[in-house]
Amino acid sequence: MSRFSFDLVGKPLPGDYNFWRAVLHAQCFINLYETGESTHIVWGFRATGALANPFGGTEFVPIFERFFAGGSLSSVYGVRGFRYRCIGPTEDDSPLGGTAFVLLSTEVSMPVPGAGHNLRFAVFVDTANLAYTKSDFYVGDFRVSCGFGFRVRVQAFFTIRFDFAWPVRMMRGDVRQTFQFSMGANF
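Note that the sequence shown covers residues 909 to 1095 in our numbering.
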C-alpha cells in the first residue's frame, strides 16, 4: 500500500506564504511462515519521505507547516523510542520542525503462543532523519531505535499497540520515550 500527497500553498492563489509540500508513504507485509488459515509470522516494512520547499519570495516554510518526527505509529512521522515531535532541530529546547524527512521501519510479528491469533508479539527497528532544510540533511544524522511490543487486534484493520523502544543512536536535543501506546492501522 502506498500513498502520495502534494500541497501547493500560495501562488497562484493569494496568501502570506508560498511553498509546496510532498509526502510519499509506502508499506508492505510479507507472510514469512503460514499454516492453514492463520498466518504465524509476518514481516512488515514502511517508508516515508517528505519534503517541503518555499518559493516565490518566501524565505522559509512556516513552523505550523513543517514536519515533526518522533512518537508512536499513530502518525506517519512516528519513530518509536523517541518522544512525540522531539526528533530534529531545536532552538532553546523547543522543536523547530523540518522540511526534509525520511523514515524506514521494519517489524516482524508473530502470535503469542496459547493466546489466539488476536494477540501478537513484535520486534522492530526504526530509523529516521528530520532536517531543517534539504541542504541540512546528512546520512550521518539518522536516528535509530529498536524494541519489542504487543499487538491486540480488535478488528480486521484496527490494532492496539504497546511498544517498548530504546534509541540506539540519538542526536543532541532528542528526547527518548521508552513506552508508547497507540491505536490504529496494523503497522
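Glycine is no exception: its CB is placed at the ideal position from the N, C-alpha and C atoms.
As the structure is a computational prediction, the values presented were derived from the model and not from experiment.
Whose C-beta lies closer than 6 Å to the C-beta of residue i among residues of the same chain, with five residues either side of it excluded?
{"i": "Arg1061", "result": "Asn1026 and Thr1067"}
{"i": "Gly1081", "result": "Thr998"}
{"i": "Ala934", "result": "Ser910 and Ala955"}
{"i": "Phe912", "result": "Leu932"}
Relative to the C-alpha of residue i, which residue among the options is closest?
{"i": "Ala930", "options": "Arg1077, Gly965 and Ala1008", "result": "Ala1008"}
{"i": "Met1091", "options": "Phe990, Ser983 and Val1020", "result": "Ser983"}
{"i": "Tyr1046", "options": "Met1079, Gly1022 and Phe1070", "result": "Met1079"}
{"i": "Asp915", "options": "Leu1004, Glu973 and Ile949", "result": "Glu973"}
{"i": "Thr1035", "options": "Val917, Gly996 and Pro920", "result": "Gly996"}
{"i": "Val1010", "options": "Asn939, Arg1051, Phe937 and Phe1087", "result": "Arg1051"}
{"i": "Gly1055", "options": "Lys1042, Val1016 and Asp924", "result": "Val1016"}
{"i": "Asp1071", "options": "Arg993, Val1031 and Ser913", "result": "Val1031"}
{"i": "Met1018", "options": "Leu940, Cys936, Phe912 and Pro920", "result": "Leu940"}
{"i": "Gly1057", "options": "Ile949, Gln1088 and Leu921", "result": "Gln1088"}
{"i": "Ala1064", "options": "Ala1093, Asp1049 and Leu932", "result": "Ala1093"}
{"i": "Pro932", "options": "Ala960, His948, Ile949 and Leu921", "result": "According to the sequence provided, residue 932 is Leu. The question's Pro does not apply to it. Selected option, being the one with the closest Cα: Ala960."}
{"i": "Gly957", "options": "Ser1013, Thr966, Ile949 and Asp1001", "result": "Ser1013"}
{"i": "Ile949", "options": "Gly1005, Ala1039, Gly1048 and Arg1028", "result": "Arg1028"}
Determine which residues share a DSSP beta bridge with residue i and list them.
{"i": "Ala930", "result": "Phe914 and Leu959"}
{"i": "Phe1029", "result": "Met1018 and Phe1058"}
{"i": "Leu1038", "result": "Phe1009"}
{"i": "Pro970", "result": "None, per the DSSP bridge assignment."}
{"i": "Pro1003", "result": "Thr998"}
{"i": "Thr1067", "result": "Arg1061 and Gly1092"}
{"i": "Gly952", "result": "Phe937 and Glu1015"}
{"i": "Gly989", "result": "Gln1085"}
Within its chain, find whatever has a CB closer than 7 Å to the CB of residue i; leave out the 5 residues flanking it on each side and keep chain order.
{"i": "Phe968", "result": "Pro962"}
{"i": "Cys994", "result": "Gly978, Pro1003, Asp1082 and Val1083"}
{"i": "Tyr923", "result": "The question names Tyr, but residue 923 in the sequence shown is Gly. Only Val917 meet the Cβ criterion."}
{"i": "Lys919", "result": "Asn926 and Gly964"}
Report, in whole angstroms, the separation of the C-beta atoms of residue i and residue j, which I expect to be a contact under 8 Å.
{"i": "Ile938", "j": "Trp951", "result": "5 Å"}
{"i": "Arg1069", "j": "Pro1075", "result": "In fact, because the Cβ distance is near 18 Å, the residues do not count as touching under 8 Å."}
{"i": "Gly986", "j": "Asn926", "result": "That belief does not hold up - the Cβ atoms of Gly986 and Asn926 are roughly 29 Å apart, past 8 Å."}
{"i": "Leu981", "j": "Arg991", "result": "14 Å between Cβ atoms; not a contact."}
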